[in-house]
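Visitor: If you read the sequences in order, they're chains A and H.
Using the numbering used here, count along the first sequence one by one with no gaps and you end on 187.
Using the numbering used here, count along the second sequence one by one with no gaps and you end on 1187.
Think of the CB as a built atom: it goes at the ideal place given N, C-alpha and C, for glycine as much as any other residue.
Predicted, not measured: the structure shown is a model, and the values here were computed from it.
Below is one structure. I have some questions about it.
Number of protein chains: 2
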Amino acid sequence: MARKKQYNEEEVIKKAMGLFWRNGYEATSVRMLEKEMGINQFSIYSSFKNKQGVFLESIKFYKTEINTIKEKLKNSNNGITGIKQYFYDFLEFSKEGNLRKGCLVTNSVNEIKDEDEPEVMLELKKFANEIRDLFVSNLKQDDQLENTFIEKQADYLMNTLLGLSIASKVFNKTQLENIIEVTFTNM
Amino acid sequence: MARKKQYNEEEVIKKAMGLFWRNGYEATSVRMLEKEMGINQFSIYSSFKNKQGVFLESIKFYKTEINTIKEKLKNSNNGITGIKQYFYDFLEFSKEGNLRKGCLVTNSVNEIKDEDEPEVMLELKKFANEIRDLFVSNLKQDDQLENTFIEKQADYLMNTLLGLSIASKVFNKTQLENIIEVTFTNM
DNA sequence: AATTTATCTAAGCAATCGCTTAGTTTTGTG
DNA sequence: CACAAAACTAAGCGATTGCTTAGATAAATT
Chain A
1 MARKKQYNEE
11 EVIKKAMGLF
21 WRNGYEATSV
31 RMLEKEMGIN
41 QFSIYSSFKN
51 KQGVFLESIK
61 FYKTEINTIK
71 EKLKNSNNGI
81 TGIKQYFYDF
91 LEFSKEGNLR
101 KGCLVTNSVN
111 EIKDEDEPEV
121 MLELKKFANE
131 IRDLFVSNLK
141 QDDQLENTFI
151 EKQADYLMNT
161 LLGLSIASKV
171 FNKTQLENII
181 EVTFTNM
Chain H
1001 MARKKQYNEE
1011 EVIKKAMGLF
1021 WRNGYEATSV
1031 RMLEKEMGIN
1041 QFSIYSSFKN
1051 KQGVFLESIK
1061 FYKTEINTIK
1071 EKLKNSNNGI
1081 TGIKQYFYDF
1091 LEFSKEGNLR
1101 KGCLVTNSVN
1111 EIKDEDEPEV
1121 MLELKKFANE
1131 IRDLFVSNLK
1141 QDDQLENTFI
1151 EKQADYLMNT
1161 LLGLSIASKV
1171 FNKTQLENII
1181 EVTFTNM
């Protein structure tokens, strides 16, 4: 009935996500997205409505990307040790060659203002809580722990993970390993 | 011989810092600075050279502002307990009414790219290391600790502090307290 | 083959970006 | 008071922002 799309939406979102991850939301212009995604602005707007739409889809794609290490944690079934491995996995996941990109969600939470983009912030907070809940269910594998204590531990671990996202941009590899080691020898 | 400045440079930088803290570097335009600082763009550029200059001076001012709780830590002389108090002090310091602003330095480290603003990044990293060193010298007050261990602990505590800056934007007060309590009951 | 319709390219929209320049006002000095 | 110099206001610079529109192109249906 009409012409076919010459691009695959998932493929171009993958590229957009990479750009947002490396550059941040504001610093990524639609012209940059155009080049990176390899399609015209018209196509971007017709497929994703606006810049925010491209970003929201990028976050969705990020979720599926990070799912590989999340699934690994889910299936590990060895409680706190699995979480420690998740931290190491995250450090690998968040680097691209020598570039430390941090966590896309953490970067965005830090940059985007609640009042400017409430829709985006809601999505980001949901994401953070999914990871936190994953920690909770993993901590429950190491029985004998009280439930209220587990909730506190999950908050604490989530904080360490948020910290690692930033620390990875400032500290060297040894220091990052120090952080993880101290975190888990203390527990 | 000539006309006098009608503004005090420190006063206007204080206002600029507040804007950068609330909005971030990129999202703060020179027009916004103009309004907040209460002076014309010409005056901004003649006093501080450019936008980056205003930002660098804002960071300097931030240092003197945070010095109040840094000095408290320096003089507390009760090692790890002093650091714990510093974390609580930071949470107070970084909020403005109901708004959680995080740490200006942490926000900026997360936003600014090393390659775009190397001069700024150098300053930010220096700042982070000053806090870390403060933790080191405080940990040394609790003797019996090995030096290499203290270095690792300082990295770890610094990570927790970086994390708190972001966590304060996502978590509620109880959760933030959980984080601090778990951190220090584990040590 | 003719028609329809979605997708493409490319030009252009008003608004804003960081920054500069031209020209007026205020001040201290000779 | 006349002059010089710094600080002021305000207009405007080219470049870029997110987004839209006009018109050419391609593919499926009749």
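Using only the alpha-carbon positions, how far apart do Leu1056 of chain H and Gly79 of chain A sit?
Guide: Working through the second sequence from its first residue, we reach residue 1056 of chain H at position 56. Working through the first sequence from its first residue, we reach residue 79 of chain A at position 79. Roughly 45 Å separates the two Cα atoms.
Visitor: Three-state secondary structure (DSSP) at Lys95 of chain A?
Guide: Taking the first sequence and counting its residues from 1, one reaches residue 95 of chain A at position 95. Of the three classes helix, strand and coil, the one that applies to Lys95 of chain A here is strand, per DSSP.
Visitor: Could you have a look at Arg132 of chain A and say whether DSSP puts it in helix, strand or coil?
Guide: Indexing the first sequence from 1 puts residue 132 of chain A at position 132. The answer is helix: DSSP assigns Arg132 of chain A an H, G or I state.
Visitor: Buried or exposed: Ala16 of chain A, going by 16 or more other Cβ atoms within 10 Å of its Cβ?
Guide: Taking the first sequence and counting its residues from 1, the one referred to as residue 16 of chain A is at position 16. With 16 or more other Cβ atoms within 10 Å, it is buried.
Visitor: For Leu1157 of chain H, count the other beta carbons within 10 Å of its own beta carbon; 16 or more makes it buried, fewer makes it exposed. Which is it?
Guide: Locating residue 1157 of chain H in the second sequence gives position 157, where the first residue counts as 1. Looking at its Cβ environment, which holds 16 or more other Cβ atoms inside 10 Å, Leu1157 of chain H is buried.
Visitor: Counting only the same chain and skipping the five closest in sequence on each side, list residues whose C-beta sits under 6 Å from that of Tyr62 of chain A.
Guide: Locating residue 62 of chain A in the first sequence gives position 62, where the first residue counts as 1. Excluding residues within five positions, the ones whose Cβ falls inside 6 Å are Met17, Leu104.
Visitor: Counting contacts by CB-CB distance shorter than 7 Å, is Asn75 of chain A in contact with chain H?
Guide: The count along the first sequence starts at 1 and reaches residue 75 of chain A at position 75. With 7 Å as the cut-off, Asn75 of chain A does not count as an interface residue toward chain H.
Visitor: Quick one, which of H:Ser1029, H:Lys1152, H:Glu1036 has its alpha-carbon nearest Lys1051 of chain H's?
Guide: As a position in the second sequence, residue 1051 of chain H is number 51, starting the count at 1. Looking at the Cα atoms, H:Ser1029 is the closest of the given residues.
Visitor: Look at the alpha carbon of Asn1023 of chain H and the alpha carbon of Asn1129 of chain H, and state the distance between them as a whole number of angstroms.
Guide: As a first step, residue 1023 of chain H is located in the second sequence; it is residue number 23 there, counting from the start. As a first step, residue 1129 of chain H is located in the second sequence; it is residue number 129 there, counting from the start. Straight-line Cα distance between these residues: approximately 24 Å.
Visitor: Do the segment 160–171 of chain A and the segment 102–119 of chain A meet, that is, are 3 or more Cβ pairs less than 8 Å apart?
Guide: Contact between the segment 160–171 of chain A and the segment 102–119 of chain A is present, because at least three Cβ pairs lie under 8 Å.
Visitor: Flag this pair as touching only if the segment 1109–1123 of chain H and the segment 1031–1049 of chain H have three or more C-beta atom pairs under 8 Å; answer yes or no.
Guide: Too few Cβ pairs lie closer than 8 Å, so no.
Visitor: May I ask you to report which of helix, strand or coil DSSP gives Arg1100 of chain H?
Guide: Position 100 of the second sequence, counted from the first residue, corresponds to residue 1100 of chain H. Three-state DSSP puts Arg1100 of chain H in a strand.
Visitor: With distances taken Cα to Cα, identify the nearest neighbour of Phe1087 of chain H among H:Ser1043, H:Ser1058, H:Arg1132.
Guide: For the purposes of this step, residue 1087 of chain H is identified with residue 87 of the second sequence, where counting begins at 1. Of the candidates H:Ser1043, H:Ser1058, H:Arg1132, the one whose C-alpha sits nearest the C-alpha of Phe1087 of chain H is H:Arg1132.
Visitor: Using a cut-off of 8 Å between C-beta atoms, extract the partners of Ala16 of chain A located in chain H.
Guide: In the first sequence, the residue the question calls residue 16 of chain A occupies position 16. None at all; the shortest Cβ gap to chain H is about 18 Å.
Visitor: Taking Cβ-Cβ distances below 7 Å as the criterion, which residues of the segment 1120–1148 of chain H are in contact with chain A?
Guide: Result list: Lys1125, Ala1128.
Visitor: Please report the Cβ distance between Gln1153 of chain H and Leu1162 of chain H, rounded to the nearest whole angstrom; I am assuming they are in contact, meaning their Cβ atoms lie under 8 Å.
Guide: Counting from one through the second sequence, the residue named residue 1153 of chain H turns up at place 153. Counting from one through the second sequence, the residue named residue 1162 of chain H turns up at place 162. The pair is not a contact, with the Cβ atoms about 15 Å apart (cut-off 8 Å).
Visitor: Just the chain A side, please: which residues come within less than 8 Å of Gln1153 of chain H by C-beta, in chain order?
Guide: One-based indexing of the second sequence puts residue 1153 of chain H at position 153. Correct list: Val182.
Visitor: Report yes if the CB atom of Asn1186 of chain H is closer than 7 Å to the CB atom of Asn186 of chain A, and no otherwise.
Guide: Taking the first residue of the second sequence as position 1, residue 1186 of chain H is located at position 186. Taking the first residue of the first sequence as position 1, residue 186 of chain A is located at position 186. Contact flag set, yes.
Visitor: Where does Glu9 of chain A sit, in a helix, a strand or coil, going by DSSP?
Guide: Mapped onto the first sequence, residue 9 of chain A falls at position 9. Three-state result, Glu9 of chain A: helix.
Visitor: Reducing DSSP to helix, strand and coil, say where Thr1174 of chain H ends up.
Guide: Mapped onto the second sequence, residue 1174 of chain H falls at position 174. It is helical.
Visitor: Give me the chain A residues within the contact set of Ala1027 of chain H, using Cβ-Cβ distance strictly less than 7 Å, ordered along the chain.
Guide: For the purposes of this step, residue 1027 of chain H is taken as the residue at position 27 of the second sequence. Neighbours of Ala1027 of chain H on chain A, chain order: Glu26.
Visitor: Under the rule that 16 or more other beta-carbon atoms within 10 Å means buried, what is Leu176 of chain A, buried or exposed?
Guide: By one-based count along the first sequence, residue 176 of chain A stands at place 176. The residue in question, Leu176 of chain A, is buried, as its Cβ has 16 or more Cβ neighbours within 10 Å.
Visitor: Examine chain H for any beta-carbon lying closer than 7 Å to the beta-carbon of Gln175 of chain A, and answer yes or no.
Guide: For the purposes of this step, residue 175 of chain A is taken as residue 175 along the first sequence, with counting starting at 1. It does; some Cβ of chain H falls within 7 Å.
Visitor: Taking the alpha-carbon positions, what's the Phe184 of chain A to Lys84 of chain A distance?
Guide: Here residue 184 of chain A refers to the residue found at position 184 when the first sequence is read from its first residue. Here residue 84 of chain A refers to the residue found at position 84 when the first sequence is read from its first residue. C-alpha separation (whole angstroms): 7 Å.
Visitor: Compute the Euclidean distance between the alpha carbons of Val120 of chain A and Lys60 of chain A, then round it to the nearest angstrom.
Guide: In the first sequence, residue 120 of chain A corresponds to position 120, counting from 1. In the first sequence, residue 60 of chain A corresponds to position 60, counting from 1. Going from the Cα of Val120 of chain A to the Cα of Lys60 of chain A covers about 11 Å.
Visitor: Please confirm whether Asn159 of chain A has its beta-carbon closer than 7 Å to some beta-carbon of chain H.
Guide: One-based indexing of the first sequence puts residue 159 of chain A at position 159. Answer yes: the Cβ-Cβ gap between Asn159 of chain A and chain H drops below 7 Å somewhere.
Visitor: Under 8 Å Cβ-Cβ, which residues of chain A neighbour Val1109 of chain H?
Guide: Position 109 of the second sequence, counted from the first residue, corresponds to residue 1109 of chain H. Going along chain A in sequence order, the residues near Val1109 of chain H (Cβ under 8 Å) are Ile166, Lys169, Val170.
Visitor: Using the three-state DSSP reduction, which class does Gly79 of chain A fall into: helix, strand or coil?
Guide: Stepping through the first sequence from its first residue, residue 79 of chain A is reached at position 79. DSSP places Gly79 of chain A in helix when its eight states are reduced to three.
Visitor: Within a Cβ cutoff of 7 Å, which residues of the same chain sit near Leu19 of chain A, ignoring the five residues on either side of it in sequence?
Guide: Translated into positions along the first sequence, residue 19 of chain A becomes position 19. Thr28, Met32, Leu33, Glu36.
Visitor: Would Asp1155 of chain H and Ile179 of chain A qualify as a contact pair, given that the criterion is a beta-carbon distance under 7 Å?
Guide: Residue mapping note: residue 1155 of chain H aligns to position 155 of the second sequence, counting from 1. Residue mapping note: residue 179 of chain A aligns to position 179 of the first sequence, counting from 1. Yes. Within cutoff.
Visitor: If you measure from the beta carbon of Ile179 of chain A to each beta carbon in chain H, is any gap under 7 Å?
Guide: One-based indexing of the first sequence puts residue 179 of chain A at position 179. Closer than 7 Å: yes.
Visitor: Going by the beta-carbon positions, is the gap between Val12 of chain A and Lys1125 of chain H smaller than 7 Å?
Guide: For the purposes of this step, residue 12 of chain A is taken as the residue at position 12 of the first sequence. For the purposes of this step, residue 1125 of chain H is taken as the residue at position 125 of the second sequence. It is not a contact, given that the beta carbons lie outside the stated cut-off.
Visitor: For the alpha helix (DSSP H) containing Met1037 of chain H, list its first residue and its last residue.
Guide: Within the second sequence, residue 1037 of chain H is the residue found at index 37, counting from 1. First-last of the alpha helix (DSSP H) with Met1037 of chain H: 1030–1037.
Visitor: Roughly how many whole angstroms lie between the Cα atoms of Glu1026 of chain H and Tyr25 of chain A?
Guide: Here residue 1026 of chain H is taken as the residue at index 26 of the second sequence, counted from 1. Here residue 25 of chain A is taken as the residue at index 25 of the first sequence, counted from 1. Looking at the two C-alpha atoms, the distance is approximately 10 Å.
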